[in-house]
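Q: All residue numbers in the sequence shown are consecutive under our numbering, ending with 937.
Please find one structure pasted underneath; my questions will follow.
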Amino acid sequence: MDRLPWAKFHWMVVVGLGISWILDGLEIQLVSMGGYEKTLNMNSTEVGLTATVYLVGQVVGALTLGRLTDTWGRKKLFIITLAIYLIGSGIAGLSMNVWFLWLFRFIAGLGIGGEYTAINSAIDELIPAKYRGPVDLAVNGTYWAGAMLGAAASYIVLNPDYVPSDWGWRISFFIGPVLGLIIIWLRRHIPESPRWMVTHGHAEEASQIVDDIEASVQASGKELAPVDESEFMWIKAKEELPFRDVMNVFFKKYPDRTFLGIPMMVTQSFLYNAIFFTTAMVLKNFYHVSENGAALYFFPFALGNLLGPLLLGPLFDTVGRRKMIFGSYFFAGAVLLSAFLFKAGALNAMTHTLLWCIAFFFASAGASSAYLTVSEIFPLEVRGQAISYFFAVAQLVGSTGPALFGALVGDGTDRGGLFWGYVLGSVVMMAGGIIAWFFGVDAEGKGLEDIADPLSKYDDDDLQVV
472 MDRLPWAKFH WMVVVGLGIS WILDGLEIQL VSMGGYEKTL NMNSTEVGLT
522 ATVYLVGQVV GALTLGRLTD TWGRKKLFII TLAIYLIGSG IAGLSMNVWF
572 LWLFRFIAGL GIGGEYTAIN SAIDELIPAK YRGPVDLAVN GTYWAGAMLG
622 AAASYIVLNP DYVPSDWGWR ISFFIGPVLG LIIIWLRRHI PESPRWMVTH
672 GHAEEASQIV DDIEASVQAS GKELAPVDES EFMWIKAKEE LPFRDVMNVF
722 FKKYPDRTFL GIPMMVTQSF LYNAIFFTTA MVLKNFYHVS ENGAALYFFP
772 FALGNLLGPL LLGPLFDTVG RRKMIFGSYF FAGAVLLSAF LFKAGALNAM
822 THTLLWCIAF FFASAGASSA YLTVSEIFPL EVRGQAISYF FAVAQLVGST
872 GPALFGALVG DGTDRGGLFW GYVLGSVVMM AGGIIAWFFG VDAEGKGLED
922 IADPLSKYDD DDLQVV
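Structure representation (C-alpha cells):
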C-alpha cells in the first residue's frame, strides 16, 4: 500500500471520507446561527446547552465507537457513524420541543465522535506513506471550507425575507443529511483497510483488495515496484485486544508517545474552543460591531484556518513532522501575544481579526497535525482507540475554554481579564509545541509499520518456536 503511486483510488478515499468534515463544518455553522430558539421558546441558557449536548455526544461517541473501529473494522464504522450523524442531524430539524432537539443533537454528536476515529484510521491506512501527512492535514482542515459554505448559506435559509423563520432553521438541519446520502453511496465502494483485515484473520480478502487496487493502478499505465522483502512480517491475527492490554500500550509500551499526543490534542482544543466561540462577543463588546457585521468577519478567520493545513501540509513531510509541529504551535502562540496591543487599545476590529487570521493559519495546521500524530504513532490494533481517547480528553478540557473566555470578555469595559486569557492561550500553544519538539516522532515518509510495529507481529523468538 505504501509503495503505490497516487491514483484514482486515492481520490475516491479522500473525497468519500474527507467530505465529512465539510459537511460537519457546514452543518455546525448553520446550526450555530440559531433561529430555533424562537420557535421552541428557548432562553439563552438552553441555547448554550444545545451546543454542550452536542459536545457531550461527541465525547461519548468517540469513547464507544472508537473501540468498535478497532474491533469491527474501519469500513463498517465509517458507514455506521455517518448514518448516525445524518439521522440525528436530520431528525433534529423536526423538533417540536427542546428535549427532542437535545436528544437528536446528542445522537448527531455520537456520529461525529465516531467519524473522527474511523475516518482518520482509514485514511492513514489506505493512503501511501509519502502522501499521508499532507492528505491528513488537508482533510481535517476542510472543516473550515464547510463552515464558510454554512455561513454563506445562512444568509439565505435564515433570512426571513427568503424563508419563513419557523422553516429556515429546519432546512439548515436538512442540508447536511441530504448531501450525506450521496457520500454514503460513495463510501460503499471504499474497501476495508487491508492492514486491519490481516490483523483480524482475513488475509485472503486483504490480499484480494490489494490486488484489485494494484490492478486499477496498472490499468492507468503506472508501473509498480516489487515489495522489498525487508518489509515482510509474520502476523498472528487477533479478533479483539483486551482493554487492559490497550492501556498497557499507552502507558507502558509507549508512555512518551502518550505524553506527546495528549498535550497536542488538549492545547489546540482549548485554544480553538476558547477563541472561536467568543469571537462574535469580542467584536461586539469591544469593537461595537453589529451582529451582521460580526458574521462577515468570520470569513477571513475561516479562510486563514482553511489555508493553513493546505499550504503548510506538504512541509510536514519535507521539513519534517517534529519541526513543523513545533513551528505551527509556537508561531500561533507567538502571534497571540498581540494581546499586549489589545490591552493597550491599539487594535480595531479589522486589525484584531487579521491577527487572528495569522495565528490560526498556523494553529489550524497544528491542530490537524495533532490528529495525524495520534493516528500514526501507535500500533494498528489500537489506532482507532488512540484517536478516540485523546479526542475525548481534548474535548473535555477544551470545553472549559468558551466558559472561561466568555467570563473574561464580560461587558467589554475591562480589557485586563481577556488580555490574560490571550496570554494563557499563547502559553498553552507554545507549551504544546515545545513538547512536540522534545517528544515528537519523525514519522515523515515512513510506513505505519515502521513507526510502530503491529502488536500481532511475531518477533524472532516466536518464529524460532514455530
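Glycine included, each C-beta is placed from N, C-alpha and C at the ideal position.
Since the model is a prediction, treat every value here as computed from it, not as a measurement.
Relative to the C-alpha of L470, which residue among Q856, A923 and I905 is closest?
A: The displayed coordinates of the chain run from 472 to 937. Any statement about residue 470 would go beyond what the structure contains.
Q: Assuming A834 contacts M735 under a Cβ cut-off of 8 Å, what Cβ separation, rounded to an integer in Å, is found between them?
A: Not quite, the Cβ-Cβ distance comes to about 12 Å (not below 8 Å), so this is no contact.
Q: Less than 9 Å between the C-beta atoms of L875 and A616, yes or no?
A: No.
Q: So V880 packs on L712, CB below 8 Å; how close in whole Å?
A: Contact doesn't hold; Cβ gap of about 45 Å is too wide.
Q: What separation, rounded to the nearest whole angstrom, lies between the Cα atoms of V669 and S560?
A: Their Cα atoms are separated by approximately 35 Å.
Q: What does a CB cutoff of less than 6 Å around V937 pick up in its chain, not counting 5 residues either side in sequence?
A: Because the pLDDT of V937 is 46, which lies under 50, any placement of that residue in the model is unreliable, and the question is left without a value.
Q: When you compare only the Cα positions, how much space is there between S701 and M472?
A: Cα to Cα, the separation comes out at about 15 Å.
Q: In the DSSP assignment, find the alpha helix (DSSP H) that holds I581 and state where it starts and stops.
A: The question names Ile, yet the displayed sequence has Leu at residue 581. That run of the alpha helix (DSSP H) goes V569 to L597.
Q: Alpha carbon to alpha carbon, what distance is there between S678 and P697?
A: In a straight line, the C-alpha of P697 is about 15 Å away from that of S678.
Q: Is it a yes or a no for the stretch 598-608 touching the stretch 742-762, going by three-plus beta-carbon pairs under 8 Å?
A: The answer is no - the stretch 742-762 does not touch the stretch 598-608, with fewer than three Cβ pairs under 8 Å.
Q: What does DSSP give as the partner residue(s) for I706 in the beta ladder?
A: Answer is K928.
Q: How would you write the range of the alpha helix (DSSP H) that A902 sits in, first residue to last?
A: Start and end: G887 to F910.
Q: Here's the rule I'm using: 16 or more other beta-carbon atoms within 10 Å means buried, otherwise exposed. How should L652 be labelled?
A: With fewer than 16 Cβ atoms within 10 Å of its Cβ, L652 is classed as exposed.
Q: Locate the alpha helix (DSSP H) running through Y842, then write down its first and last residues.
A: Looking at the DSSP string, the run of the alpha helix (DSSP H) that includes Y842 is A820 to E847.
Q: Let me check understanding here. Comparing Cα to Cα, which of F730, A838 and H823 lies closest to S809?
A: Nearest option by C-alpha distance: H823.
Q: Once DSSP output is grouped into helix, strand and coil, what is the label at V937?
A: Reliability of the predicted coordinates at V937 is poor, the pLDDT of 46 falling under 50, and the value obtained from them is presented with this limitation in mind. In this structure, V937 counts as coil in the three-state DSSP scheme.
Q: Would P665 be called buried (16 or more neighbouring beta carbons within 10 Å of its own) or exposed?
A: Classification for P665: buried.
Q: State the CB to CB distance for the pair R728 and I848, rounded to an integer number of angstroms; the pair is presumed to be in contact (CB under 8 Å).
A: Yes, R728 and I848 are in contact; Cβ-Cβ is about 5 Å, under 8 Å.
Q: From what residue to what residue does the alpha helix (DSSP H) around D637 run?
A: First-last of the alpha helix (DSSP H) with D637: S636 to R658.
Q: Just the C-alpha distance for G779 and M795, rounded to the nearest angstrom, thanks.
A: In a straight line, the C-alpha of G779 is about 12 Å away from that of M795.
Q: On a Cα-Cα basis, can you pick out the residue from G584, L572 and D541 that is closest to Q529?
A: Residue G584 is the option with its Cα nearest to Q529.
Q: Identify which residue in R886, V898, F772 and Y743 has its Cα closest to the Cα of G872.
A: Among R886, V898, F772 and Y743, the Cα nearest to that of G872 belongs to Y743.
Q: Hey, how far is the Cα of F703 from the Cα of L581?
A: Straight-line Cα distance between these residues: approximately 38 Å.
Q: Could you tell me the distance, in whole angstroms, from the CA atom of H673 to the CA atom of I684?
A: The straight-line gap from Cα to Cα measures roughly 17 Å.
Q: Can H671 and G544 be called in contact, C-beta distance under 9 Å?
A: A contact, by the Cβ cut-off of 9 Å.
Q: Pull up the distance between the alpha-carbon of S636 and that of N630, whole angstroms please.
A: The alpha-carbon atoms of S636 and N630 are separated by roughly 7 Å.
Q: Scan the stretch 504-548 and note each continuous alpha helix (DSSP H) run of 4 residues or more that stays entirely inside, going in chain order.
A: 507-510 and 515-543, all fully within the stretch 504-548.
Q: So what's D699 in DSSP terms, helix, strand or just coil?
A: D699 falls in the coil class under three-state DSSP.
Q: Taking Cβ to Cβ, would you say A624 is nearer than 9 Å to L767?
A: Against a cut-off of 9 Å, the Cβ pair of L767 and A624 comes out as no contact.
Q: Near I654, what residues of its chain come up, given a Cβ to Cβ distance below 6 Å and the 5 sequence neighbours on each side ignored?
A: Hits under 6 Å: I490.
Q: Beta-carbon within less than 7 Å of F645's beta-carbon, same chain only, minus the 5 sequence neighbours each way: which residues are those?
A: Once the five neighbours on either side are set aside, the close Cβ partners of F645 are G561 and G564.
Q: Return the Cβ separation of Q500 and A622 in integer angstroms, given the expectation that the two are a contact with Cβ distance under 8 Å.
A: Indeed they touch by this definition, with Cβ atoms about 5 Å apart.
Q: Counting along the chain, where does the alpha helix (DSSP H) carrying R728 start and finish?
A: Looking at the DSSP string, the run of the alpha helix (DSSP H) that includes R728 is P726 to F747.
Q: What does the Cβ neighbour count give for R538, buried or exposed, with the cut at 16 atoms within 10 Å?
A: R538 comes out buried.
Q: DSSP three-state call for N776: helix, strand or coil?
A: Looking at N776 - three-state DSSP - the assignment turns out to be helix.
Q: Hey, quick one: how far does the alpha helix (DSSP H) through Y800 stretch, first residue to last?
A: Counting along the chain, the alpha helix (DSSP H) containing Y800 begins and ends at R792 to V806.
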